[in-house]
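Structure first, then comments.
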Amino acid sequence: MSQPNLTGPLTFQPIFMERMWGGRRLESKFGKKLPPNACIGESWEIVDRKEAQSVVRNGAMRGKTLHELWTQDRQEIFGELPDSPRFPLLVKLLDAQQRLSLQVHPRERIAAKLGSEPKTEFWYVAAADDKAELFVGLRKQTARSEFKNALESGTAAELVHTIRAKAGDAMFLPAGRLHAVGAGNLLVEIQQNSDTTYRVFDWNRLDEKGKARELHVDQALQCIDFNDCEPQLVKPKGELLVKHKLFEIQKWKLDKPREVAPSGQFAIVFCLSGSIGCADADLAPGEFFLVPASLQDRQLKPLNEGTTLLRVTIPR
């Protein structure tokens, strides 16, 4: 494969997902051009799935899908990474105007048993209303039978650990952790490339026709870690928010030019505040770009005071 003529980071066309719990905050907060009159709950920013493909919107690679980059230009774009059929991460923005259902994602062993995909993820709170909450884990160690009884009696909410959320908070969600996003949260979500979700409780809500939402109780009960009690928000270690075999995420305050990653290593950058320049691309709040492993000009430059960002890489 010939060396692509890369002059800057790659930007992608976001894929907007309508959700019953979504809204318009991605437009009002980050200037996304949402479809009119739609309740947008998710913006899939970097994705390589059969049902959804990010498409490059700039430069010599314009029009290429992320899957084409992964299969045809992997060394140039991503450097040395463990082999996998698809790019291993999925990067989203979530706008929760209503509380999401209580759910869980399977670990590898259980996913294989259930014919689904494992999923570990990370949330960064980009914005939060007063009294916005995150629901994560259990208040106390709970037997599976006790939790099942609470589901049947409609009292499962009493068993869930709740955290008040504010902008700048972060939460790591290993597969098996019970969780839900509370109303009023705008999140950056960085996750394993999976779309398996088992909904276990929907807060006793009914739709306009008086019907309850479809749940996946049997599968969820096999996946939940019932020993996962009172998980806490991420405690940053300097710039490091989380380092896992799937992803490493740092938060930078960018007050001078800085190399995003060593040559030969790719990085995904999300602008939280201010503005970022890198080679021929600029990044405004709410935007992502991918700095290819082979790009020569790898310096991130702050274009405004108070520039902050999230930097995502995959440990080698």
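Its first residue numbered 17, the sequence shown is counted upward by one per residue in this note's numbering. We put the CB at the ideal spot given by N, CA and C, even for glycine.
Beta-ladder partner(s) of residue i, from DSSP
i	result
His195	Gln119, Val152
Arg327	Gln266, Val285
Met187	Trp139
Glu230	In the DSSP output, where bridge partners are listed per residue, Glu230 has none listed.
Glu275	Gln315
Ile292	Leu299, Pro318
Gln69	Asp64
Lys253	Leu256
Gly280	For Gly280, which the question treats as bridged, DSSP gives no partner whatsoever.
Ile31	Trp60
Gly95	Gln281
Closest residue to residue i among the options (Cα-Cα distance)
i	options	result
Phe163	Gln238, Lys272, Glu224	Gln238
Asn243	Pro273, Asn220, Pro190, Leu257	Pro190
Asp384	Lys267, Ser291, Val285, Leu262	This structure cannot speak to residue 384, because the chain is shown only from 17 to 332.
Asp195	Ile206, Val216, Asp211	Note that residue 195 corresponds to His in the displayed sequence, not to Asp. Measuring from the Cα of His195, the nearest candidate turns out to be Val216.
Ser117	Gly153, Leu299, Arg221, Ala68	Arg221
Ile62	Ser310, Gln114, Ile284, Leu311	Ile284
Ala183	Leu50, Leu288, Arg332, Leu97	Leu288
Lys251	Asp185, Leu85, Asp64, Ser59	Asp185
Arg65	Leu105, Leu130, Leu50	Leu105
Arg332	Val307, Gly290, Gln266, His260	His260
Arg180	Val141, Ala300, Leu306, Leu97	Val141
Asn360	Phe282, Leu97, Ala54, Ala300	Since the first and last residues shown for the chain are 17 and 332, residue 360 lies out of range.
Thr241	Phe305, Val152, Lys225, Glu255	The displayed chain sequence assigns Asp, not Thr, to residue 241. Per the Cα distances, Val152.
Ser70	Asp298, Pro30, Pro101, Arg193	Pro30
Asn21	Leu150, Thr323, Asp296, Leu256	Asp296
Thr212	Ala127, Met187, Ser291	Ala127
Thr329	Asn53, Leu306, Ile56, Lys227	Leu306
As assigned by DSSP and simplified to three states, the class of residue i
i	result
Trp219	coil
Phe46	helix
Lys317	strand
Asn74	coil
Asn243	coil
Leu237	helix
Glu205	strand
Met36	strand
Ala181	coil
Leu175	helix
Arg41	helix
Distance cut-off 7 Å: residue i Cβ against heavy atoms of the ligand GTP
i	result
Gly302	The ligand GTP is not among the ligands present in this structure, which contains no ligands whatsoever.
Endpoints, alpha helix (DSSP H) assigned at residue i
i	result
Leu85	82 to 88
Leu22	Segment: none, Leu22 is in no alpha helix (DSSP H) and carries neither H nor E.
Arg125	124 to 130
Ala112	Not the alpha helix (DSSP H): Ala112 falls in the beta strand (DSSP E), residues 105 to 112.
Pro169	Correcting the residue identity first, residue 169 is Ser in this sequence and not Pro. Element bounds for Ser169: 160 to 169.
Contact with chain D by residue i, beta-carbon distance below 8 Å
i	result
Arg332	The structure shown contains no chain D; it is built from a single protein chain.
Endpoints, the beta strand (DSSP E) within which residue i is located
i	result
Glu58	56 to 62
Phe305	304 to 307
Val258	256 to 259
Evaluate contact between the region 77 to 88 and the region 32 to 40, counting only Cβ atoms and requiring at least three cross-stretch pairs below 8 Å. no
Per the contact definition of three or more C-beta pairs closer than 8 Å, is the region 301 to 321 in contact with the region 230 to 237? no
For the pair the region 145 to 158 and the region 195 to 207, tell me if three or more CB-CB distances fall below 8 Å. yes
Do the region 159 to 174 and the region 95 to 111 make contact, defined as three or more Cβ pairs closer than 8 Å? no
Could you say if the region 132 to 142 and the region 113 to 123 meet the contact criterion of at least three C-beta pairs nearer than 8 Å? yes
Three Cβ pairs or more, each shorter than 8 Å: is that satisfied between the region 45 to 60 and the region 88 to 103? no
Can at least three beta-carbon pairs, one atom from the region 147 to 161 and one from the region 269 to 278, be found at a separation below 8 Å? no
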